[in-house]
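Working notes, beginning with the structure itself.
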Amino acid sequence: MSKASAGSREKLVEAGMRLLEERGPEALNARALAAEIGASTMAVYTHFGGMTGMYEALGREAFARFERHLRQVPDTDDPVADLLVLGLAYREFAMASPQRYRLMFGIASPGALPSFGHDLTAEGTPATAAEMNDAFALLPRVVRRAMNAGRIRRDDPVLVAGQIWCMIHGYVLLESAGVFGQEGRGVPHILGPHVINLLVGLGDERAAAERSAGQALLNVEAAGAPAKEPAPRRGRRPRPAR
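Residues 29 to 270 (our numbering) make up the sequence shown, in order.
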């Protein structure tokens with residue numbers, strides 16, 4: 029592929045990522061993408077074979093950016109705190125780029141969706157997209173560190189990572205739908221307690237898990253990421269009777 033051709037392909041992917049986030053998946057079509065880079069619609073078919081290939085390229089690029097975002101989380105001497113910071117980084121990406129996140133997991137699209145087929149069960153196989161495999165590999169790596177430190181029971185790190193992924197994925201979808209009120213309110217009231225309970229279920233001591241959660245927030249704040257607890261609302265509604 030010539031430099032000019034590669035450059036055109038990269039421009040189309042970048043234009044697609046921008047249109048997706050600014051206008052939603054409905055805005056993605058060959059004509060709109062070509063117009064963004066000043067080319068004819070044939071460019072989409074030349075480089076991607078059509079919109080199905082375009083969606084796959086966008087999904088791969090989104091996972092690549094996701095992986096780079098998660099990889100910024102450094103290792104410390106507390107692997108459980110690192111695991112929690114990784115979860116907060118996951119949430120941060122999903123909330124900052126909701127349309128890209130939805131495309132990555134095939135949640136919303138007017139047409140064909142990328143299907144990378146990552147099966148996390150014991151009999152499962154890796155995804156067909158290396159970008160998705162690379163992103164997911166960061167999670168079982170930290171899980172394995174927590175096991176080696178004696179914080180959680182030894183098990184298949186991939187299966188445990190799948191449980192954690194299930195939790196955080198469900199959480200960010202609910203938060204993005206607004207069911208936890210203003211952005212960020214669900215972190216201390218819903219996500220935090222849920223994570224602690226999961227860690228205890230995996231074998232950690234509750235007090236140790238709570239200390240690691242506190243350390244995770246300190247690490248995030250020290251890094252300058254926006255994961256602080258939001259100010260409480262005025263005039264909170266009373267809780268319903270149980």
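Even for Gly, the Cβ is constructed at its ideal location relative to N, Cα and C.
Of the residues M195, L202, F76 and L166, which one's Cα is nearest the Cα of L227?
Position 199 of the sequence shown, counted from the first residue, corresponds to residue 227. Looking at the Cα atoms, M195 is the closest of the given residues.
Count the other C-beta atoms from every protein chain shown that fall within 10 angstroms of the C-beta of G35, then say buried if there are 16 or more, exposed otherwise.
Walking along the sequence shown from the start, residue 35 turns up at place 7. So G35 ends up on the exposed side.
Give every residue of the same chain whose Cβ lies closer than 6 Å to the Cβ of Q243, excluding the five residues on either side of it in the sequence, and list them in chain order.
Taking the first residue of the sequence shown as position 1, residue 243 is located at position 215. Closer than 6 Å at the Cβ level, and outside the excluded window around Q243, lie D106 and A109.
Stretch-stretch touch, CB-based, cutoff 8 Å, three pairs: the stretch 183-192 with the stretch 120-135
no
Answer with buried or exposed for P168, where buried requires no fewer than 16 other C-beta atoms within 10 angstroms of its C-beta.
Position 140 of the sequence shown, counted from the first residue, corresponds to residue 168. Around the C-beta of P168, 16 or more other C-beta atoms lie within 10 Å, and the residue is accordingly described as buried.
Any beta-carbon of chain D closer than 9 Å to the one on P185?
Here chain D cannot be found, since the structure has a single protein chain.
At a cut of 8 Å, does the stretch 128-137 reach the stretch 61-75 through at least three beta carbon pairs?
no
Boundaries (first-last residue) of the alpha helix (DSSP H) holding R59
Stepping through the sequence shown from its first residue, residue 59 is reached at position 31. Taken as a continuous stretch (DSSP letters only), the alpha helix (DSSP H) holding R59 covers A58 to I65.
Close Cβ partners of Q100 (< 6 Å) along its chain, the five nearest in sequence each way excluded:
Indexing the sequence shown from 1 puts residue 100 at position 72. Counting only Cβ-Cβ distances below 6 Å, and skipping sequence neighbours, we find nothing.
Could you check the C-alpha separation between A58 and G87 for me, to the nearest Å?
Along the sequence shown, read from residue 1 onward, the residue named residue 58 stands at position 30. Along the sequence shown, read from residue 1 onward, the residue named residue 87 stands at position 59. A straight-line Cα-Cα distance of about 16 Å links A58 and G87.
In the DSSP assignment, find the alpha helix (DSSP H) that holds E95 and state where it starts and stops.
The residue labelled residue 95 in the question sits at position 67 within the sequence shown. M79 to R99 is the span of the alpha helix (DSSP H), which, as asked, contains E95.
For I218 and G212, what's the separation of their Cα atoms in angstroms?
Counting from 1 along the sequence shown, the entry for residue 218 is found at position 190. Counting from 1 along the sequence shown, the entry for residue 212 is found at position 184. Taking the CA atoms as reference points, I218 sits about 10 Å from G212.
A90 versus N161: straight-line alpha-carbon distance, rounded
Stepping through the sequence shown from its first residue, residue 90 is reached at position 62. Stepping through the sequence shown from its first residue, residue 161 is reached at position 133. Rounded to whole angstroms, the separation of the alpha carbons of N161 and A90 is 13 Å.
Taking all protein chains shown into account, do 16 or more other C-beta atoms lie within 10 angstroms of the C-beta of D232, making it buried, or fewer, making it exposed?
Translated into the one-based positions of the sequence shown, residue 232 becomes position 204. Classification of D232: buried, given that the 10 Å Cβ count is 16 or more.
Neighbourhood of L48 by C-beta, 8 Å cutoff - its chain only, sequence neighbours within 5 removed:
Locating residue 48 in the sequence shown gives position 20, counting from the first residue. Contacts found: A55, L56, L86, Q127, R128 and L131.
Neighbourhood of E203 by C-beta, 6 Å cutoff - its chain only, sequence neighbours within 5 removed
Indexing the sequence shown from 1 puts residue 203 at position 175. If we look at E203 and ignore the five residues flanking it on each side, its Cβ neighbours are G214.
I192 - containing alpha helix (DSSP H), residue span:
The sequence position of residue 192 within the sequence shown is 164, counting from 1. That run of the alpha helix (DSSP H) goes P185 to S204.
Using alpha carbons as the reference points, say which of F94, A92 and V113 lies closest to P102.
Sequence index remark: in the sequence shown, residue 102 carries index 74 (1-based). Answer by Cα proximity: V113.
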